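Trainee:
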Amino acid sequence: MQNYHKTRAIIIAVPHTSLLPKLYILITNASALFLIFTPRHPKFGYPLHLFTMLLHQLIEGIAHLFYPHICEGCSKQLVTNEQILCISCASLLPETNNYKIPDNETGLRFAGRVPYRYAATYAYFTDDGLLQHLLHRLKYAGKQEIGTYLGKKFGQNLKDAAWINEIDAIIPVPLHPDKLAKRGFNQTMLLGQGMAQSIGIDMMTDVLIRTRNTESQTSKSRSERVENMAGAFRITQKQRIEGKHILLIDDVLTTGATLEACALALMEAKGVAISIATIGIAV
Ligand SMILES: [Zn+2]
């Protein structure tokens, strides 16, 4: 999984006083930006919305010819209807399909620790694997559309699970506000957005909060991770989830310490049921 870096240019039509170009560069990480200034209409001033819109579409089409959207897996040009991954890379994502299996490997990591109802993972996460690459691009290159893409794919699978109809809302593992400010987005929330959209359920992002900015977990043993995470999360509006069945989600499941701490915090609400879903499971 090498050679993923891509160069992309954005061409947009904007009124010349607009701040949009700066925003576009910021949001898309574009490496180049070309501006076409829209003319001022003699009578109505500018921008000439329709003209601008049409010009924008035309230019986008031309831009696509020169700077095509490319596959995040193999860098080949994507064709219409392909998003993020080309059809052959998408078929290589090692989906677990374990939502169909009771007592699956996702659930086993929480056995005896969290009284969960159901557990599921979208795909296997291996060193240098495709999922690792995609999540890396999401988190560290700011490719936020990868988050919603993966969430949607997982959500489409989960729609086949009979138990998904029992879920009332999705809650993503929150980031500490300091980390959120630094990164600019919560990758797990983006995954949740995609899932909520394709499943057709609500996502709650203000019920569970992270009160402690925990140290990195990567070099810690399982028991150290559990200790590191204990009490790092807090529930803010218990009554909103009382008696509800919550699908708690995270990006990659390793020891499960983070999800365990989140579940324990959520279970302070009366009658709450917890199920767990992760995009990856480290194997
Ligand atoms: Zn590909």
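According to my numbering, the sequence shown holds residues 27 to 309 in order. Glycine included, each C-beta is placed from N, C-alpha and C at the ideal position. Bear in mind the structure is a predicted one, so any value in this text is a computation, not a measurement.
Hey, would you say the C-beta of Leu-111 is under 7 Å away from at least one heavy atom of ligand 1?
Mentor: Here residue 111 refers to the residue found at position 85 of the sequence shown. Checking the Cβ of Leu-111 against ligand 1 gives yes.
Trainee: Given that a residue counts as buried once 16 or more other Cβ atoms are within 10 Å of its Cβ, and exposed if not, what is Thr-312?
Mentor: This structure cannot speak to residue 312, because the chain is shown only from 27 to 309.
Trainee: If you count every other CB in all the chains shown that lies within 10 Å of the CB of Ala-188, and 16 or more means buried, which is it?
Mentor: Within the sequence shown, numbered from 1, the residue matching residue 188 stands at position 162. Classification for Ala-188: exposed.
Trainee: Looking only at its own chain, which residues have a Cβ that is under 7 Å from the Cβ of Gln-219, when we skip the five neighbours before and after it?
Mentor: Counting from one through the sequence shown, the residue named residue 219 turns up at place 193. For Gln-219, where only same-chain residues beyond five positions count, the Cβ hits under 7 Å are Thr-174, Gly-177, Met-229.
Trainee: Quick one: residues in its chain with C-beta nearer than 7 Å to the C-beta of Glu-171, no 5 flanking neighbours on either side, listed in chain order?
Mentor: As a first step, residue 171 is located in the sequence shown; it is residue number 145 there, counting from the start. Correct list, in chain order: Ile-110.
Trainee: Please identify the residue among Glu-268, Arg-236, Ile-275 whose C-alpha is closest to the C-alpha of Lys-205.
Mentor: The sequence position of residue 205 within the sequence shown is 179, counting from 1. The shortest Cα separation from Lys-205 among Glu-268, Arg-236, Ile-275 belongs to Arg-236.
Trainee: With the cut-off set at 8 Å, would you say Gln-123 and Thr-132 are in Cβ contact?
Mentor: Residue 123 sits at position 97 when you count from the first residue of the sequence shown. Residue 132 sits at position 106 when you count from the first residue of the sequence shown. Checking the sequence, you will find Asn at residue 123 rather than Gln. Cβ atoms of Asn-123 and Thr-132: not closer than 8 Å.
Trainee: Have a look at Arg-266, Lys-264, Leu-274 and flag the residue whose alpha-carbon is nearest the alpha-carbon of Met-221.
Mentor: As a first step, residue 221 must be located in the sequence shown, where it is residue number 195. If we check each option's Cα against that of Met-221, Leu-274 comes out closest.
Trainee: When DSSP builds the beta bridges, which residues end up paired with Ser-301?
Mentor: As a first step, residue 301 must be located in the sequence shown, where it is residue number 275. The partner list for Ser-301 (beta bridge, DSSP) reads Leu-273.
Trainee: Could you give the residue range of the alpha helix (DSSP H) that holds Ala-256?
Mentor: Translated into the one-based positions of the sequence shown, residue 256 becomes position 230. First-last for Ala-256: undefined, no H or E at that position.
Trainee: Near Gly-306, what residues of its chain come up, given a Cβ to Cβ distance below 8 Å and the 5 sequence neighbours on each side ignored?
Mentor: Numbered from its first residue, the sequence shown carries residue 306 at position 280. Taken in chain order, the residues that qualify are Thr-147, Tyr-148, Ala-149, Tyr-150, Phe-151, Leu-157, Gln-158, Leu-161, Asp-277, Val-278, Leu-279.
Trainee: Under 8 Å, do Ile-261 and Ala-291 count as touching if we go by C-beta distance?
Mentor: Here residue 261 is taken as the residue at index 235 of the sequence shown, counted from 1. Here residue 291 is taken as the residue at index 265 of the sequence shown, counted from 1. Yes. Within cutoff.
Trainee: With a 10 Å radius around its C-beta and 16 neighbouring C-beta atoms as the bar for buried, classify Lys-169 as buried or exposed.
Mentor: On the sequence shown, residue 169 is found 143 positions in, with the first residue counted as 1. The residue is buried, with at least 16 neighbouring Cβ atoms inside 10 Å.
Trainee: Looking only at its chain, what residues have a beta carbon closer than 7 Å to the beta carbon of Ile-127, apart from the 5 residues adjacent to it on each side?
Mentor: The residue labelled residue 127 in the question sits at position 101 within the sequence shown. No residues qualify anywhere along the chain.
Trainee: Specify, as a first and last residue, the run of the beta strand (DSSP E) that Phe-151 falls within.
Mentor: For the purposes of this step, residue 151 is taken as the residue at position 125 of the sequence shown. From DSSP, the beta strand (DSSP E) with Phe-151 extends over 142-151.
Trainee: Can you tell me which of the three DSSP states Asp-129 falls into?
Mentor: Working through the sequence shown from its first residue, we reach residue 129 at position 103. Three-state result, Asp-129: coil.
Trainee: Can you list, in chain order, the residues of its chain whose CB lies under 6 Å from that of Ala-283, leaving out five sequence neighbours each side?
Mentor: One-based indexing of the sequence shown puts residue 283 at position 257. Result list for Ala-283: Arg-251, Val-252, Met-255, in chain order.
Trainee: Given the structure, does Ala-117 come close to ligand 1, in the sense that its CB is under 7 Å from one of the ligand's heavy atoms?
Mentor: As a first step, residue 117 must be located in the sequence shown, where it is residue number 91. Correcting the residue identity first, residue 117 is Ser in this sequence and not Ala. Checking the Cβ of Ser-117 against ligand 1 gives no.
Trainee: Tell me whether Lys-169 counts as near ligand 1, meaning its Cβ is closer than 7 Å to at least one heavy atom of that ligand.
Mentor: As a first step, residue 169 must be located in the sequence shown, where it is residue number 143. Result no, Cβ not under 7 Å from ligand 1.
Trainee: Using DSSP with H/G/I as helix, E/B as strand and the rest coil, what is Leu-234?
Mentor: Here residue 234 is taken as the residue at index 208 of the sequence shown, counted from 1. Leu-234 falls in the strand class under three-state DSSP.
Trainee: If I measure Cβ to Cβ from Asn-239 and keep anything under 8 Å in the same chain, skipping five residues before and after, which residues do I get?
Mentor: Within the sequence shown, residue 239 is the residue found at index 213, counting from 1. Around Asn-239: His-202, Asp-204, Lys-205.
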